[in-house]
Amino acid sequence: MKVIKNGVHPHRGMLTLLIILGILGVVGLASGLLFESSILKGQPIAQNPPVGTTGVFTPAHSSVSLAVRHFFGWRPAAVQPIAFNHKPHLEQAQMECLYCHAGALTGPRATIPGVNSCMTCHNTIAKDKPAVQQIAEYFNRGEEIPWQRVYGWNDEAHLRFNHAPHLAASVSCGKCHGDVGSMADAKRIIDHSMNFCVTCHKEKKASIDCVTCHF
Amino acid sequence: MTRKSDSSLTDDLLRPVFETSTKFYVTAAVLAVIVAAGFGTWFYQIYWGMGVTGDNWPVFWGLHETNFVFWIGISHAGTLISAILRIVNATWRRPVTRCAEVITAFALMIGAMFPLVHLGRPWLAWWLIPYPSERLLWPNYRSPLVWDFFAINTYLLSSLLFLALPAIPDFALIRDRTTGWRNWLYGKLSLGWQGTPRQWHRLESAMHMMALAIIPIAISVHTIVSFDFSMAVVPMWHSTIFGPYFVVGAIFSGIAALNIVMAIVRRMLHLEKYLQPIHFRNLGKLMLAMSLLWGYFVFNERLVTWYGNTPHEMAALWSTQLGRYSPMFWTMIFCNFILPFPLLTIRKLRSITATVIASCGVVIGMWLERFLIIVPSLSYKGTSYSWGTYLPRWPEIVIFGASFAAMALLYLLFSKFIPIISIWEMKVGQHSKIKVAAQVQESEAAGELV
Amino acid sequence: MPHKWGMAVDLDRCTGCEACVVACHSENNIPTVGETEAARGRAMHWIRIERYWEGEFPEVQVKFRPVLCQQCDEAPCEPVCPTYASSHSEDGLNSQIYNRCIGTRYCANACGYNVRFFNFFTPSWDKPLHLQLNPDVSVREGGVMEKCTFCIQRINAGKVSAGIEQRPLLDGEIQPACVQSCTANALVFGDLADPDSTVSKLSKSPRGTKLLEELGTKPKVTYLQRGSWDDSQKR
Amino acid sequence: MDRRNFLKVGALTGASATLTSCGNPEHQMIRFIPEEEIQGGIAIWKPSVCPLCATGCGMLVRVVDGEAEVIRNGKKGLIQMGLARKLEGNPAHPISQGKLCARGQAAIQVTYHPDRIIHPLKRNGVRGSGPFQEITWDEAITILLSQIDGLAAAGSQNALAFLTKPMRGQRQTLISRFMQSYGAPPPMNFDPFGDQVLRRANAHSFGHEQLPTFDIAQSRYVISFGADFLGTWNAAVPQSAGYGEMRQGKPGHRGKFVQVEARMSQTGANADEWVPVNPGTEGVLALGMAHVIVNLKLRPGNLAALAEYTPAEVAKRTGVKTERIERLAREFAENSPAIAIIGGTPLAHTNGMFSALAVNTLNTLSGSMGKPGGISFMPQPGKDAPPGTSFNKFVTEQLASPESPVKALLLHEANPVYGSPSAWRVREALSKIPFIASFGSFIDETSILADLVLPDHSFLESWVDDVPESGAGIAVASVAPPAMRPIHQTRAMPDVLLDVSHRLAKPLQQPLPWKTYEEMLKDSFESISPGADTWNNAIANGGVWGKTGEPGVRPLVPLFPRYSEPEFDGEGVQFPFHFLPYKSQSFLDGSLAHLPWLQELPDVLSTAMWSSWVEVHTETARGLGLVQGDVVEISSTQGKIQAPVLLSPGIAPNVIAMPMGQGHETFTRFASGRGANPISILAPMAEPETGALAWAATRVRISKVDAASKLILFAGGMREHPDDHR
């Protein structure tokens, strides 16, 4: 079979396609970047943790990357300002979880203890330990220790968790937090996925109604 | 049958594929920019939120949804019509079918974009896909939107197939006439087509089965689109005739679109020889029939509502008849009924231009119809305290415009890579030219379709 | 036994003071959309006082009607949601699950009472106004539908405390913000599943009617029509 | 990668191209050690008192911990503290009975307002133009001391003036004592829309210069002359509660409620019968009814005194049909206990005193004074503050003399520049004063004139107390400790005043011995009702209340007031319409316009948000070719303002009405430059006996101007279909 000779460069078709797709891509990306750059000077958003709302690619997040990370549920492992070690507290000192995380018994939040409660013991005990001295420094500066939360959900989850009823239903701390006593600093060893919650709720004949947790 | 006529025909129809004028680049570039603007606007809407549109309380749906229904409607031209014509084996269809099927494919793609565009949080749209999720949750199969999701995908898939099958011999033809990457590309596309009788037989029977299958699918799709509205207890939505009403409307607007596209293709690719007045005339007749049917449905809908006289429906009804939305309503009646009727009935007026004018009217009219179905009902829903109104804002309008540009662009590219008229079908036609001519005369005389 | 939360609204008591409206905003972190958005018809009021003029001057009268989500048994908003974001809770509430909402706004269209509101933008509070937010209720982001929940946070809190104390819930123990604040005690909330609860009794009142009953939505909110003085004289 | 993530990636294609690093500034801020014992996530309820209106509702504050941005020893940081989250009525409190009105619940936004003054300010620039500079409290107090001592040194103590909004309880006492012991004239209360006229009338009729308390719950018939007693007048919350009971509380007995007024108020909208009358003739109607009652021997009385009030005559003046007058009178007399209420507009005419006395007469006839279902007066424990100086007198003197007689003005939460007719020339009067110090929390039209601003705590952050004037059958004295710690660098006004009084060159230790306001309150409460734990109980419950002596009402022979014709400013031809400004349901007289919740609260009758409007009768509008939303110019003899028209079927055709509250020049981001202020065009008419502003005695004309309408209505249908709402 013969090829038509009509002086037309045979690659024009391909070129066209590339050009057009190019334009599409560039303009699309450009607009995307444009809006991204306007994120931080975007409409004012109250940013305190309880207020921070969600919505990927919307001004709800301080940046698109944050939005994406929330979207995928990527959370960096918590890095604590002071090398805190649960082990001695639970093993040597024979302390209960609730001794420091007192909120869990009566309220929604287990609460990370403030530097005051650390000092109740540590202005006498183990004062030589560098970590304890760090705590003392914070205390003297009148500052809280910026502990990082290990567990918790993104705001997207719209999840209202309440510790009290779970303790009332005698769910052990370890069930959801693992054997913290055997760790140095608490790690997120259990994935608090919806699956995890729902499975247990089913076992315990607890409500699996959406509004039990999401409201 | 002579080799020459064959090859000349082939050359004519293949010319667009091999020759590329600067005009093409310019058009393509312009269209591409408009489309890009559309995407940009979408990014903007996603970034800031639906608030940039004109949607409000209580009119939560506006232009985006109108466009969705409109484009799905347009898509009903192609595949459905060509399928019908294939089944009844109308020989005049040969040059028309592919133009038509292409419209379907692209209109569907564009139409299917709008449900995504109108979402408040489109990045979560994948929740409509049924898959065993860690949340132990499935899509809500009771929701018409989920039905849409399945219906549209089915239709898109089948009409792509329906478009690809008859293109195989033409791919092969191009393959045989090219070298280099095209030869490779079209070689792949033609799936090793050699034109053996066995292959021809397989193709024919496959086409026949597809044609049979596609008709119920097409009808079901727009019925389901109509369910989006008729399933809700909203004034003027909650109606039993919406299914057929929408299907008819869809075919109606579809044919109109087809006429316009054909006219453009004919002009731009110099296919006057192949796309002849008869095609426009016959499609015109088909459109006329649809116009009458559509008018009948509108009359029904309005009459019954008016007679039924339930207060919350009357508000919506009157707003379209005499109230705020009446100008649009009467424009619609003019475009869909008063304008096409004489142009398509009176023999003297029945020219290509006339048909195209009528078609333009119909496309506009049918768009208005979608709008008038969605917005007034929502404006006058519930207790009169919460009545509202709606005005589109620029993002919706830009995206609306971009959707048309997208259609044109896709069509342009398509005609660049695949002959817009099925060459082998034309040849088959020519081999029975005399028969065709005779048929044409007959149909002329009888003034019927086939 | 599952609860069936319902409300009775005594139109003869309602004074249209709108205490309920602000109470709702305060309790449920409902965003203030501002002048421009309000002008576009995007103000959010989970409960509103509808008022209707009747007659002509000087014989003119006004009827007030507090309208909130009717928590229908046969809710039009529920089946249409493609993702179960709008679903029926065990207690018969039309619950809106924000995290599951993809923003089709279909539920709002299907709702015959126009009591669903959409976050067209992500709300924001000029600091330090954000400190007033109720930590027991999530703040909804842009693209999410929201509506009256009968103060689900209070219902859940009530259940939890009752559960911990292992006692049944008392009638009137749980009060949504609007009911709590109603100055003329026009709003009464309670468990319709309990035949002795005040709300069940009121719902059976001869003055009781449902809003847009013809839609067949079976609302759980009962409106007690205004009485007339002359009738009460005859009695 | 599992299926779920795969799908997510699909949903995200292209997004990854635009990733940037994230950073949430809040998380880098240092956190201070909490200064109080709080358990995370647990709500506690603390008593408080609502300061927004004269009702004095006792409230409960829901306090949950949160993280507030504060400054501690110069450093900015976050601190975990108990934060007020919601305000509700205090169920134990006799006034609020567990309820709180819309305004009261929005009061929380006063504390968290973004434009609150968060530290002391010193004027720095032209007075009134705005620029202020931040100073420390020490500097601020020093400046104040130097000014006050300066006056004392110059021997002109009486050149010190104190201007406040109407205040009660110990704050009032404290200020009065301070002024008294310093040697200055008593403080001025600015309240042009208050009820002095009614108080005086009650003094005449019942021997109580006080607002009455209505036992609506028990009564069977309530006729109200212009009183918006369910919305903005007197003790609205307890009155609403009573109203609910009257309607459906007593099975088989549904009380009747009749409202007499020219423009339908929110209260009028609830009436079984709404009776429009010509403005200023309410009293005539009342006496007309009295005439019928006496005439039919339904009650004993002196018919001769009522001779001129024959139904026919009254009908002519009021515009109410004779039969109707007779029927109303009969119903009123036959359904006891019955109450007649007067308030608001009728008192704001030049013959307000006459109308008030007339209605009192009706009440005396009905015989339900001091009875259940009738009218009583609350005992006022510990009320020893002497009467204040007249604001009008002050203004006239200021304007009269070339250089200002007042040398230093202390200003507390009064905004006369906004709240008085422009004819009073208040701004001019104040601007002459060499030194003005404001204790207010916001920069408004008046406090912007200040040279020194010493921002007060919000009521949630400070000790609050109140002695309600009306609303309960028993004596009430409310008191509550701070519900939360201050979030800004502010100080409680009473504490500052005590501090100053002790640090003056001639300290006022002896009359004001207390270190803090708390001590002062403690003393006063233990003096009210001696007892070991009175104080502790009081601050635990939010006050003390109970029967202390009978709510005595002097039983009177009805006294029949002499008729006085209402006078109006602007004659009828040129100014065809009566102009009735009324207290907005959201903003009252405008002092609450800065609260966003109230700005976005749809006015219940007009459904308007964020805007002001003028109500015109539908027919009148048609006559003038006006449609909904048209902007009109309203001109009186005193000036003109512009506002969009709102068609209303509930207003007399010869009357136009406009809500107060909007039209602030400077009053935070939410209220500034929004709408128009009807007060500004009021004529300086006055009720002769009390000298109170007759704010309903102005006549106006309206003309269409072409300007963009700013009428924002919530009722969707109303946006285009005013008529669909009938």
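Residue numbers (this note's numbering), protein chains in the order written: chain A, 1 to 215; chain B, 1001 to 1450; chain C, 2001 to 2235; chain D, 3001 to 3726.
Even glycine gets a Cβ: it sits at the ideal position worked out from N, Cα and C.
Being a predicted model, the structure only gives us computed values, none of them experimental.
Beta-carbon neighbours of residue i, restricted to chain A and to distances below 7 Å
i	result
residue 3034/D	114
residue 3042/D	106, 107
Neighbour-count burial assignment, residue i, 16 or more Cβ in a 10 Å radius
i	result
residue 2191/C	buried
residue 3707/D	exposed
residue 1226/B	buried
residue 2146/C	buried
residue 1259/B	buried
residue 3599/D	buried
Contacts of residue i in chain B (Cβ-Cβ under 7 Å)
i	result
residue 2098/C	Near residue 2098/C there are no residues of chain B at all, since even the closest Cβ is about 10 Å away, more than 7 Å.
residue 1983/C	Because chain C spans 2001 through 2235 in this model, residue 1983/C falls outside it and cannot be assessed.
Per DSSP, the bridge partner or partners of residue i
i	result
residue 2094/C	2088/C
residue 3178/D	According to DSSP, residue 3178/D bridges with nothing at all.
residue 2051/C	2064/C
residue 3435/D	3408/D
residue 3164/D	3189/D, 3412/D
residue 3704/D	3632/D
8 Å CB neighbourhood of residue i in its chain, flanking five on each side removed
i	result
residue 2050/C	2064, 2065, 2066, 2067
residue 1455/B	Residue 1455/B is absent from the structure shown; chain B starts at 1001 and stops at 1450.
residue 1108/B	1071, 1072, 1075, 1152, 1155, 1156, 1159
residue 1059/B	1375, 1378, 1379, 1388, 1389, 1390
residue 2004/C	2091, 2092, 2191, 2192, 2193, 2220
Same chain only: Cβ atoms within 6 Å of residue i, ignoring 5 sequence neighbours per side
i	result
residue 2090/C	2002
residue 52/A	Interpretation of residue 52/A is limited by its pLDDT of 31, a score under 50 that renders its predicted location unreliable; the figure taken from the coordinates is listed afterwards. So the list reads 155, once near-sequence residues are dropped.
residue 35/A	Low local confidence applies: a pLDDT of 48 at residue 35/A is under 50, so the model's placement there is unreliable, and no value is given.
residue 3646/D	3606, 3613, 3615
residue 2250/C	A query on residue 2250/C cannot be resolved here, the shown segment of chain C reaching from 2001 to 2235 and no further.
9 Å Cβ cutoff met for residue i and residue j
i	j	result
residue 3107/D	residue 3588/D	no
residue 1085/B	residue 1423/B	no
residue 2188/C	residue 2123/C	no
residue 3442/D	residue 3188/D	no
residue 3577/D	residue 3699/D	yes
residue 2144/C	residue 2121/C	no
residue 3517/D	residue 3174/D	yes
residue 3439/D	residue 3416/D	no
residue 3504/D	residue 3149/D	yes
Listed by chain order, chain D residues near residue i by CB distance under 9 Å
i	result
residue 165/A	None at all; the shortest Cβ gap to chain D is about 13 Å.
Chain-ordered neighbours of residue i on chain A, where CB pairs are closer than 9 Å
i	result
residue 2149/C	211, 215
Contacts around residue i, its chain only, beta-carbon distance under 7 Å, and the 5 residues preceding and following it disregarded
i	result
residue 3036/D	3081, 3082, 3485
residue 1028/B	1409, 1412
Partner residues on chain C for residue i, Cβ-Cβ distance less than 8 Å
i	result
residue 157/A	2099
Under 8 Å (Cβ pairs) to chain E, residues found in the region 2095 to 2125 of chain C: Any reference to chain E falls outside this structure, whose protein chains are A, B, C and D.
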